[in-house]
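**Student:**
Residue numbers (our numbering): 5 to 311.
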């Protein structure tokens, strides 16, 4: 059942990407106009998703589950960083390759997938992975693309996404909830995250020479790393750790974290590449390839997780 719902949601998002592609091909929009949407996604929609997701009662069981989810998310990112950078010299990976291996499309996919597959009450646990990933995206990933030697802590701390994490956590821990009207507004804005990310990817893809892009062997190598090698390693580590037994509903909580890991390459990487002029077309090709592959691999890994 879960595997079927996953396939259904992935296909829906892929169809939205096709619509973005058609908008450019039919000359309704231009590929370069996707830059505006990229900034809208990074600086408005994502913060709304984060703050809205933390509007829950901070009960002991939620606290324990969130702690497990956060620790697992940090550990998984540490492993992915080792895999991404450890393979750098051997495969001559560039910034887009490394970022695509390390960063999954959890920000766009995990919340709608968890909502559809497990229900709204489980969304809070997906924010752990998304929040941890955001910290790495706006520190490690941004430094890698911008070529800055040292992180600008002021820019990182004052980044709207980092502020959103702080506001969300503070709101949850203190028990001070946002007014219903404001929370509903943020929820409405946040609901755009999946469709908007896929529209952007579709618009960028429309400006590509697809034959040229997919001739690159590295697209297939990166896809193998992102969709098969990394999830396999993470699954083995989760099984060996037996961490799911540490808290109530630990198996389901870690499933959410694992689902976030096995999603395609992050569309945020394409947006970073576009903003920093680092071959956004190639990043988009990786996103498309991994999205196609995940229709098969995500349900398969969920089955393996429960074995």
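Here a beta-carbon is modelled for each residue, glycine too, at the ideal position from N, C-alpha and C.
Computed from a prediction, not measured in an experiment: that's the story for all the values here.
Taking residue 218 as part of the alpha helix (DSSP H), name the residues at either end of that continuous run.
**Tutor:** No alpha helix (DSSP H) holds residue 218; DSSP gives it neither H nor E.
**Student:** Assign residue 64 to one of two classes, buried (16 or more other C-beta atoms within 10 Å of its C-beta) or exposed (fewer than that).
**Tutor:** Result: exposed.
**Student:** Does the structure place the segment 188-203 close enough to the segment 67-83 that three or more beta carbon pairs sit under 8 Å?
**Tutor:** Not touching, per the Cβ criterion.
**Student:** Among the candidates 277, 283, 309, whose CA atom is the shortest distance from the CA of residue 266?
**Tutor:** Checking every option, the nearest Cα to that of residue 266 belongs to 309.
**Student:** Nearest to residue 221 by CA position, among 202, 279, 286, 181, is which residue?
**Tutor:** Out of 202, 279, 286, 181, 286 has the C-alpha closest to the C-alpha of residue 221.
**Student:** Can you give me the start and stop residues for the alpha helix (DSSP H) that residue 69 sits inside?
**Tutor:** From DSSP, the alpha helix (DSSP H) with residue 69 extends over 64-90.
**Student:** If you draw a straight line from the C-alpha of residue 252 to the C-alpha of residue 122, how long is it?
**Tutor:** For residue 252 and residue 122, the distance between alpha carbons rounds to 16 Å.
**Student:** Would you list the one or two residues that DSSP bridges to residue 175?
**Tutor:** For residue 175, which the question treats as bridged, DSSP gives no partner whatsoever.
**Student:** Do the CB positions of residue 77 and residue 16 come within less than 9 Å of each other?
**Tutor:** Not a contact, by the Cβ cut-off of 9 Å.
**Student:** Count the C-beta pairs between the segment 290-304 and the segment 219-236 that are closer than 8 Å, then say yes if the count reaches three, no if not.
**Tutor:** In short, these stretches touch, since the Cβ pair count reaches three.
**Student:** So is residue 135 buried or exposed if we call it buried at 16+ other beta carbons inside 10 Å?
**Tutor:** Counting Cβ neighbours within 10 Å, residue 135 comes out buried, since at least 16 surround it.
**Student:** Starting from residue 110, follow its DSSP beta bridges and name the residues at the other end.
**Tutor:** Bridge partners of residue 110: none, in fact.
**Student:** For residue 99, count the other beta carbons within 10 Å of its own beta carbon; 16 or more makes it buried, fewer makes it exposed. Which is it?
**Tutor:** Buried, since its Cβ has 16 or more Cβ neighbours within 10 Å.
**Student:** Can you tell me whether residue 270 is helix, strand or coil according to DSSP?
**Tutor:** Correct three-state label for residue 270: coil.
**Student:** In this structure, does DSSP put residue 25 in helix, strand or coil?
**Tutor:** DSSP places residue 25 in helix when its eight states are reduced to three.
**Student:** Since residue 235 is in the alpha helix (DSSP H), which residue starts that stretch and which ends it?
**Tutor:** Where residue 235 is concerned, the enclosing alpha helix (DSSP H) stretches over 234-245.
**Student:** To the nearest angstrom, how far is the alpha carbon of residue 237 from that of residue 183?
**Tutor:** Near 43 Å, if we compare the C-alpha coordinates of residue 183 and residue 237.
**Student:** Are residue 208 and residue 38 closer than 9 Å when you measure CB to CB?
**Tutor:** Yes. Within cutoff.
**Student:** Do you know whose CA, among 173, 165, 205, 239, lies nearest residue 109's CA?
**Tutor:** Here the closest residue by C-alpha is 205.
**Student:** Determine contact between the segment 47-66 and the segment 159-178, defined as no fewer than three beta-carbon pairs at a distance below 8 Å.
**Tutor:** Contact holds: three or more Cβ-Cβ distances are below 8 Å.
**Student:** Quick check on DSSP: helix, strand or coil for residue 309?
**Tutor:** Residue 309: helix per DSSP, three-state reduction.
**Student:** What residue from 203, 223, 90 has the CA that sits closest to residue 269's CA?
**Tutor:** Nearest option by C-alpha distance: 223.
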